[in-house]
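**Student:**
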Amino acid sequence: MSTDVQNGQTDAEHDGEDAIEGVPQVDVAQFAIDDIREFARTIAHGDTIVIFDTTLRDGEQSPGATLNIQEKMEIAHQLARLGVDIMEAGFPAASPGDLEAVKRIANTVGRQPRRGKDGEIKAPPTIAGLARANKNDIDKAWEAVQGAV
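Here it is in structure tokens:
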């Protein structure tokens, strides 16, 4: 079991409350490194499609469409179950609520191993936050997503 150097939590303490039943707890840092290596090998052969979903951010751009944190969490869990590789979880610099939603998604969905189509255990989806090219946006995006693997 590894310890998160930023907050001193072990993987079990960090993942326990949101663990997926039937999916063993793993050292997510090493798992992520192994998965990235495998992903790089697969990409090199050109036979991979990567799904980058923007529902949690761009979906709110429609008139009248607003999601609270709980709704965003539910959607993020479903996107992970569907096999989405990368989720743009929000625009952390836009509001304190968006910052908090992206943090929660990164710290839960972004740390949970998931099952692949053949039942194999895969790394968590990558959690992204939108940022414009300025220091405040980049700092807020990092603050929001740093808890993910």
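Per my numbering, residue 9 is the first one in the sequence shown, and the count goes up by one each step.
The beta carbon of each residue, even a glycine, is placed where N, CA and C say it ideally should be.
#1: Under the assumption that residue 107 contacts residue 148 (Cβ atoms under 8 angstroms), give the Cβ distance between them as a whole number of angstroms.
#2: Identify every residue that forms a DSSP beta bridge with residue 95.
#3: At what residues does the alpha helix (DSSP H) containing residue 104 begin and finish?
#4: Look at residue 117 and residue 132 and say whether their C-beta atoms are less than 8 angstroms apart.
#5: Suppose the cutoff is 8 angstroms on Cβ atoms and the five residues either side in sequence are ignored; what does the same chain contact list for residue 124 look like?
#6: Starting from the C-beta of residue 145, find all residues in its chain whose C-beta is less than 7 angstroms away, skip the five residues before and the five after it, and write them out in chain order.
#7: Among the residues of its own chain, which have a CB less than 6 angstroms from the CB of residue 111, if the five just before and after it don't count?
#8: In angstroms with no decimal places, state the Cα-to-Cα distance between residue 94 and residue 121.
#9: What separation, rounded to the nearest whole angstrom, lies between the Cα atoms of residue 70 and residue 88?
**Tutor:** According to the data block:
#1: Within the sequence shown, the letter at position 99 stands for residue 107. Within the sequence shown, the letter at position 140 stands for residue 148. Confirmed, about 6 angstroms.
#2: Looking up residue 95 in the sequence shown gives position 87. DSSP lists 61 and 135 as partners of residue 95.
#3: Along the sequence shown, one-based indexing puts residue 104 at 96. Note, residue 104: alpha helix (DSSP H), 104-115.
#4: In the sequence shown, the residue the question calls residue 117 occupies position 109. In the sequence shown, the residue the question calls residue 132 occupies position 124. Yes; because the gap between Cβ atoms is below 8 angstroms, this pair is in contact.
#5: On the sequence shown, position 116 is the one that residue 124 refers to. If we look at residue 124 and ignore the five residues flanking it on each side, its Cβ neighbours are 91 and 130.
#6: Translated into the one-based positions of the sequence shown, residue 145 becomes position 137. Excluding sequence neighbours, residue 145 sits near 101 and 139.
#7: Within the sequence shown, the letter at position 103 stands for residue 111. 152.
#8: Here the question's residue 94 lines up with position 86 in the sequence shown. Here the question's residue 121 lines up with position 113 in the sequence shown. Rounded to whole angstroms, residue 94 to residue 121 spans 14 angstroms at the Cα level.
#9: Position 62 of the sequence shown, counted from the first residue, corresponds to residue 70. Position 80 of the sequence shown, counted from the first residue, corresponds to residue 88. So the two alpha carbons sit approximately 23 angstroms from each other.
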